[in-house]
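Scroll down for the structure; my scribbles are underneath it.
Protein chains: 4
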Amino acid sequence: MSVEIPDIVKPLVSQRGLETLIKVKTFVEEECIPADKLYHAQIRNGDERWKSVPPVIEELKAKAKARGLWNLFLPSYYSEGAGFTNLEYGLMCEQMGRSHTAPEAMNCAAPDTGNMEVFARYANEAQKKEWLEPLLEGKIRSAFCMTERFVASSDARNIQLKITVDEERDEYVLNGTKWWASGAGDPRCKVWLVMGKIVDKQGNVSTNDVYRQQSVIIVPSNTPGSVVVRPMRVYGYDDAPHGHCEIQFTNCRVPRSNIVLGEGRGFEIIQGRLGPGRIHHCMRTIGVAEQALRWMIYRAADESKRTFGKLLREHGTMNANIAKSRIEIDAARLLVLAAAHKMDVQGPKAALVDIAKAKVTAPTVALTVVDRAVQSFGAMGVSQDTPLAYMWAGNRTLRIADGPDEVHTDQLGRRELQRVKAIQTEFAKREAKEAEFMAKL
Amino acid sequence: MSVEIPDIVKPLVSQRGLETLIKVKTFVEEECIPADKLYHAQIRNGDERWKSVPPVIEELKAKAKARGLWNLFLPSYYSEGAGFTNLEYGLMCEQMGRSHTAPEAMNCAAPDTGNMEVFARYANEAQKKEWLEPLLEGKIRSAFCMTERFVASSDARNIQLKITVDEERDEYVLNGTKWWASGAGDPRCKVWLVMGKIVDKQGNVSTNDVYRQQSVIIVPSNTPGSVVVRPMRVYGYDDAPHGHCEIQFTNCRVPRSNIVLGEGRGFEIIQGRLGPGRIHHCMRTIGVAEQALRWMIYRAADESKRTFGKLLREHGTMNANIAKSRIEIDAARLLVLAAAHKMDVQGPKAALVDIAKAKVTAPTVALTVVDRAVQSFGAMGVSQDTPLAYMWAGNRTLRIADGPDEVHTDQLGRRELQRVKAIQTEFAKREAKEAEFMAKL
Amino acid sequence: MSVEIPDIVKPLVSQRGLETLIKVKTFVEEECIPADKLYHAQIRNGDERWKSVPPVIEELKAKAKARGLWNLFLPSYYSEGAGFTNLEYGLMCEQMGRSHTAPEAMNCAAPDTGNMEVFARYANEAQKKEWLEPLLEGKIRSAFCMTERFVASSDARNIQLKITVDEERDEYVLNGTKWWASGAGDPRCKVWLVMGKIVDKQGNVSTNDVYRQQSVIIVPSNTPGSVVVRPMRVYGYDDAPHGHCEIQFTNCRVPRSNIVLGEGRGFEIIQGRLGPGRIHHCMRTIGVAEQALRWMIYRAADESKRTFGKLLREHGTMNANIAKSRIEIDAARLLVLAAAHKMDVQGPKAALVDIAKAKVTAPTVALTVVDRAVQSFGAMGVSQDTPLAYMWAGNRTLRIADGPDEVHTDQLGRRELQRVKAIQTEFAKREAKEAEFMAKL
Amino acid sequence: MSVEIPDIVKPLVSQRGLETLIKVKTFVEEECIPADKLYHAQIRNGDERWKSVPPVIEELKAKAKARGLWNLFLPSYYSEGAGFTNLEYGLMCEQMGRSHTAPEAMNCAAPDTGNMEVFARYANEAQKKEWLEPLLEGKIRSAFCMTERFVASSDARNIQLKITVDEERDEYVLNGTKWWASGAGDPRCKVWLVMGKIVDKQGNVSTNDVYRQQSVIIVPSNTPGSVVVRPMRVYGYDDAPHGHCEIQFTNCRVPRSNIVLGEGRGFEIIQGRLGPGRIHHCMRTIGVAEQALRWMIYRAADESKRTFGKLLREHGTMNANIAKSRIEIDAARLLVLAAAHKMDVQGPKAALVDIAKAKVTAPTVALTVVDRAVQSFGAMGVSQDTPLAYMWAGNRTLRIADGPDEVHTDQLGRRELQRVKAIQTEFAKREAKEAEFMAKL
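Chains as they are written, first to last, in UniProt numbering: chain A, 1 to 441; chain B, 1 to 441; chain C, 1 to 441; chain D, 1 to 441.
This is the structure we're talking about:
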């Protein structure tokens with residue numbers, strides 16, 4: 001087994017990175033993709049869907065551990081880290097993205113990866129011991145409770161969940177509602193990171209600095225006063241047992257020692273969490289697109305699907321769709337890898353613009369490719385008989401999660417417009433020189 | 001209550017048509033759209049979802065009948081017909097398309113409408129009495145079993161279900177599998193129209209004329225030897241209790257009197273069924289788009305969704321998306337109505353090309369508009385909290401059903417290319433004249 | 001010879017309209033299209049290009065007059081009017097749009113048509129006698145001087161050309177620069193309608209009402225103080241001898257009797273001028289698209305252009321492009337005709353929104369179709385050996401002239417958003433009813 | 001002065017490459033871009049346009065030489081080569097692409113670069129001495145005569161120009177017509193490389209191997225029997241004095257020593273010429289897009305272009321267009337650089353697919369960006385007052401030259417479909433494993 005990566009990034013991939021990448025690819029193809037069907041078949045019916053996890057996933061986890069494919073996401077600056085660059089790990093994410101079960105099998109699934117990063121970077125030792133260790137071992141899972149229903153929470157400053165301090169009992173008291181807490185449906189999900197505003201009894205925040213108003217609190221999932229209200233659906237899928245949950249907090253109390261990093265430091269925490277996570281999402285989505293393209297090619301050569309005397313592959317528009325998909329995927333991959341590399345050499349903050357470019361490009365490309373694949377399969381494409389429809393729905397949310405496309409595009413435009421002064425200067429110089437030259441006429 | 005229709009078609013709408021259209025719109029808005037939520041809430045869980053029908057639908061049917069809004073689809077040349085033109089009924093379909101429950105409430109839902117047309121046009125009196133009457137009364141429902149899994153059944157000549165004749169018992173014996181039999185999940189679905197090939201014991205057809213090999217047989221849904229294997233899903237939705245079913249026929253026997261029109265006349269039957277049905281689908285899809293646009297406008301003005309200091313409506317791209325949606329919907333509606341009118345004045349055959357144009361345009365426009373609306377709602381848009389995600393999935397199938405876009409586009413292209421001789425003549429004349437003129441120089 | 005028009009508009013076309021339309025089509029095909037090549041060949045080189053007009057155009061004019069195809073654009077409410085509806089004349093425009101020479105041949109070319117409408121509607125008898133009569137006879141041509149270089153003149157309120165009043169000599173004195181005065185290059189162009197602001201000696205306007213600040217003045221083209229500075233190019237074309245000119249006014253004096261309608265009434269005049277003119281442009285652009293499609297079909301069947309063993313027509317993507325072009329043209333035509341008809345029955349003001357939809361749709365469709373045709377011809381397509389490249393450049397300006405697409409789209413969006421109150425009411429009612437229904441559960 | 005290049009390619013750019021790149025950028029901005037206006041102003045009128053070259057170009061050449069910016073294109077394996085990798089030189093091409101005069105100023109303009117490569121790789125010493133030396137010194141220019149009017153010459157096997165051998169006089173005799181011989185209009189163009197078929201007196205070729213039928217012959221531009229018939233136009237532009245010429249060969253005789261490489265080796269020669277040339281075109285086109293984006297940003301901040309109370313930059317759609325342009329350019333650049341690098345490490349043949357991806361992507365992106373810039377400038381954008389319209393026309397030809405997009409897309413699709421066997425195997429394995437897993441249920 002080998003793996004194809006763009007020549008242009010080869011110098012950036014270490015020998016160890018390449019070897020692990022090949023192992024990941026092999027594991028995904030040999031174990032994970034074939035297990036996806038069983039995984040879905042093992043999900044139970046009705047309310048039972050939320051009470052147990054398809055057994056195959058734990059078998060896959062054992063296999064992955066045995067192959068040394070575990071927690072590949074953690075950068076080397078954590079002591080627990082596998083030590084791959086974002087570019088290297090990004091290439092692994094592409095392979096993982098091809099299978100529904102692969103990311104979790106290698107303990108590299110969202111939102112746990114991001115949450116483990118938060119614990120690793122910002123939590124104190126006690127918190128790490130209690131939550132990071134079992135997470136790293138794959139014994140428990142976690143959720144991040146940020147999104148709220150009645151505000152535009154893509155702008156984190158709008159977040160409203162109220163946290164009051166009960167000084168007497170040295171506790172935080174949470175009141176409010178979150179939704180789209182992904183993974184909170186899983187019976188193994190034992191801990192939530194909850195974002196909210198610490199307010200006094202009059203409901204006032206302690207600072208006008210909107211970037212210092214948010215805090216992140218650790219809430220064990222069985223804490224009284226918290227209840228999972230319902231799973232949200234993504235098109236017709238509920239993603240049980242993982243789930244995207246609406247959670248109600250009513251006088252939900254946790255010790256003040258459950259604060260992460262410190263009061264008012266929520267913004268800082270999510271900022272640090274976003275960059276790499278977006279790259280991982282993007283690279284998994286590239287893997288989705290590659291897998292969809294495989295399905296499309298497979299279909300194009302299906303001998304039983306001859307229309308008007310031709311195989312699908314012999315129709316020019318089918319061929320053109322395959323070519324366009326190839327180009328679009330390759331361009332998107334380069335854009336994502338370029339962002340990953342920039343993050344590797346200059347850090348997440350310097351790479352923000354590059355990450356935004358990747359973030360608005362990769363899901364759109366993947367959706368386009370998957371939709372073409374769906375169309376090539378006809379009615380079978382929209383159904384449960386290929387993974388395509390489910391892939392599409394899963395990726396559709398990526399144009400919304402972590403800020404909708406429009407927000408990123410808007411910010412990219414503003415950023416680009418910051419060049420205006422430099423361009424005006426350049427144009428003024430040009431015009432002066434032009435005039436000087438024209439005087440020769 | 002009034003209704004807006006394009007000025008250009010006003011001369012084509014009768015006073016009675018206009019009055020009924022207004023009644024339909026009123027009924028859809030006052031009764032059906034508000035009932036949609038209850039309808040979905042009344043669908044049961046697990047296997048129970050297939051065993052009963054949300055009670056609200058029968059209440060709506062009673063209300064519709066009381067308002068005289070019943071069986072509006074049947075053209076005047078059937079004695080049972082409401083007598084509206086395709087253009088008039090198309091405008092009503094647009095209103096019905098805005099609500100999930102509206103078409104069935106007025107006994108105007110697919111596939112019953114098409115099936116009732118088949119019975120009305122091609123069935124004998126006994127067949128009409130047994131099946132058409134209760135269908136027209138809304139007492140039973142029906143399915144059309146055409147699509148097959150392992151062939152490209154958008155080309156009906158490929159259909160493989162085998163029908164042999166047991167002369168002794170004067171019965172047809174059906175063997176084969178169908179899927180995507182929409183409506184076959186409904187406990188009220190009592191009759192299927194099944195398309196297949198009559199073959200002898202050696203499996204041979206009796207004619208080489210591929211347009212005379214298919215027959216349509218009436219199969220009561222409880223006939224031994226037939227079994228609904230499973231419901232197909234559409235992006236996670238199973239559309240219970242309606243359902244899109246896979247049905248297995250194993251030595252399934254029905255009397256030879258169950259043939260419709262005659263052996264080998266299946267092609268003729270589906271040809272007659274397709275034209276109006278496509279127009280109705282298209283106009284309902286225009287209604288879907290209009291409803292999605294309403295949701296988008298509603299969202300654009302949502303005071304709680306202020307991002308970066310602006311309402312969504314104040315973002316130029318949101319405004320542009322609304323404008324583009326308005327234009328695209330209006331253009332698509334005109335294309336569909338033009339096809340409907342052509343069918344009215346020149347018949348379905350002459351209108352085939354126009355219907356194809358409408359068929360590839362309307363669903364694509366609707367999907368685009370609905371997707372914009374989804375995006376404007378963020379995570380809420382992909383969920384069960386608006387009808388948008390479900391609308392999208394339902395309309396996505398219309399780019400595939402009754403022939404995928406590619407087939408229609410291909411045929412349209414070929415049709416257009418038939419002009420080549422005339423154009424060559426025109427160009428030759430032009431060149432001769434050009435030469436004559438140029439000689440003056 | 002016959003003519004195809006959409007069945008849906010047939011009831012709206014009078015017998016006389018249909019007969020004239022057929023005559024127009026015949027004349028365009030027999031005389032104008034073949035003369036286009038000669039017309040371009042008769043244009044001279046260097047500065048001479050601006051000093052004479054290709055003789056063939058006057059021959060065509062004589063032929064058109066002889067066939068009774070003259071001044072077809074003027075509505076019946078002018079005594080001079082041919083009396084066709086906008087819809088009927090629009091269909092004729094489509095035919096005219098297929099040939100570069102056709103509109104002028106029938107004295108139906110912009111900007112004269114719009115200018116003649118201005119004279120007919122707003123000028124006094126003396127002005128009509130001096131300018132409208134020779135224009136209607138095709139003896140002279142005219143230009144409209146509105147656009148200015150250093151302001152966003154798509155918003156007419158921005159227009160800056162200064163007009164002062166010399167009471168002593170009873171004259172207006174014009175100072176300023178206009179550009180894109182189309183037709184001002186033509187040696188037969190004898191009169192300009194110039195838009196500007198009447199200001200006092202301090203440069204102040206007499207009213208704060210920005211819709212009452214503009215006036216339209218008749219300026220004979222040989223008036224001292226006015227000079228045609230240069231022709232603007234459209235891509236590489238200068239459209240000689242017609243031309244799109246930059247004109248400098250320096251103390252250019254005309255009698256005060258040269259005011260049209262009255263001081264401060266410029267806005268009123270251009271408002272009246274815009275509606276029908278946009279429809280005519282749109283329908284000519286539909287004709288351009290149809291002609292380009294003919295060229296593409298012709299090319300697709302060119303026996304000498306066999307690539308990889310196939311004719312172009314046998315390539316699926318070529319076929320698909322032809323089909324898509326057919327659909328897009330037909331949809332755009334319906335949109336334009338719907339706007340024309342609305343203008344016919346409800347007047348230009350009521351049709352503003354419909355005209356805007358047509359205005360942003362038709363040129364974009366035409367450009368897309370022409371570009372596909374160019375591509376099908378390869379290098380020949382971008383060159384002078386087909387009319388396609390020139391067609392493209394001419395139509396590209398229509399996305400800018402009379403307000404760029406963005407302005408119209410923006411206004412359409414705002415207009416659509418005016419529905420928000422009605423939709424909020426509708427949704428509130430729905431929610432109330434929903435709640436009532438849900439209470440049954 | 002510095003230069004921005006994607007971080008991901010930085011490890012691939014040598015110190016010398018980076019320094020030269022900065023020098024190129026500086027020269028382009030300080031000298032070439034400001035000289036473009038003068039260059040166009042110095043082009044004469046009428047027939048004179050073809051008889052002299054704007055003097056500024058020779059001044060620029062002197063300046064470039066003085067800065068050591070000369071013949072940067074030749075790879076190190078020619079003794080004359082500057083020795084930059086395709087990736088390094090590609091980055092320089094991007095800078096050159098920003099100015100009309102820059103490529104020629106540094107003796108890096110098409111078609112001379114490709115022709116010099118042909119001479120350097122395939123010509124004998126005498127031929128090199130006569131033609132390569134003055135070309136490398138910038139004393140003469142050259143053209144490549146390949147395209148023919150009446151065949152689909154994007155498939156070189158179709159080329160028809162006839163070359164017969166006059167053994168007696170030891171000469172080749174050429175008969176036929178070429179067009180789109182770019183650069184043949186330039187009075188300094190002294191040599192043509194002409195492609196054609198050597199045939200015997202009966203017109204028969206000597207081999208059935210269609211890849212061995214073409215030969216390349218050196219024809220001095222003043223050879224009797226050859227005549228430049230006319231310049232082809234590109235959207236109205238004739239690109240004088242460079243020109244894209246139609247050339248007629250009538251018994252045009254050259255010595256047999258003028259053959260390049262050998263009889264029947266034409267295919268080999270053009271194959272070698274294509275890869276790098278396409279990359280250079282693509283990177284120049286990226287430079288065009290970057291320059292257009294600068295113009296768009298400049299316009300967006302133009303204080304005089306306030307519409308409806310807002311600067312253009314404050315309109316959301318303008319901002320979104322700028323953002324989209326930024327993303328599309330960056331993705332396209334990565335695709336081109338990836339192909340360049342692949343060519344550097346694996347050779348042109350291995351990079352063919354990558355080059356095709358770049359070739360169909362870069363011009364389309366550039367055209368989209370330039371068109372947005374044109375639209376932002378309104379009427380000024382289509383005119384001679386910005387370089388945008390001319391940029392657009394020049395780049396439009398790149399979707400056609402060296403094979404139209406459709407041919408490359410078609411081949412890419414076929415290439416991708418070659419994976420079908422591997423995918424079928426992979427899917428078969430997966431299905432076997434799936435079945436094994438499912439057996440556990």
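We treat Cβ as the ideally placed atom computed from N, Cα and C, and that holds for glycine.
This structure is a prediction, so every number in the text was calculated from the model and none was measured.
Under 7 Å between beta-carbons, which chain B residues line up against residue i? List them in chain order, please.
i: G413/D; result: Result: empty, since nearest Cβ-Cβ is about 15 Å, beyond 7 Å.
For residue i, return the contacting residues in chain D, with the cut-off set at a CB-CB distance below 8 Å.
i: E406/C; result: H315, T317, M318, Q375
i: Y298/A; result: V420, I423, Q424, F427
Would you kindly work out how many angstroms separate the C-alpha atoms of residue i and residue j, rounded to a whole number?
i: D155/A; j: A379/B; result: 14 Å
i: Q346/A; j: H100/A; result: 32 Å
i: A393/A; j: D385/B; result: 16 Å
i: E406/D; j: G287/C; result: 27 Å
i: K197/C; j: M146/C; result: 11 Å
i: D262/D; j: N208/D; result: What sits at residue 262/D in the sequence shown is Gly, not Asp. Roughly 17 Å separates the two Cα atoms.
i: G176/D; j: M195/D; result: 11 Å
i: W192/C; j: R253/C; result: 13 Å
i: Y89/C; j: L335/C; result: 15 Å
i: E122/D; j: I269/D; result: Looking at the sequence shown, residue 122/D is not Glu but Tyr. One C-alpha to the other measures close to 7 Å.
For residue i, return the contacting residues in chain G, with the cut-off set at a CB-CB distance below 7 Å.
i: P6/B; result: You won't find chain G in this structure, because its protein chains are A, B, C and D.
Exposed or buried, which one is residue i when buried takes at least 16 other CB atoms within 10 Å?
i: F267/A; result: buried
i: E137/A; result: exposed
i: K440/D; result: exposed
i: Q291/B; result: buried
i: Q214/D; result: buried
In chain D, what lies closer than 9 Å to residue i by C-beta?
i: M232/C; result: A379, M380, V382, S383, Q384, D385
So which residues on chain B does residue i lean against when the C-beta distance must stay under 8 Å?
i: G46/A; result: N45, G46
i: A393/A; result: Y235, G236, V382
Which residues in chain C have a C-beta closer than 8 Å to the C-beta of residue i? List them in chain order.
i: I400/D; result: Q375, G378, A379, G381, V382
Task: At least three beta-carbon pairs within less than 8 Å, the region 237-257 of chain B to the region 170-185 of chain B - done: The answer is yes - the region 170-185 of chain B touches the region 237-257 of chain B, with three or more Cβ pairs under 8 Å.
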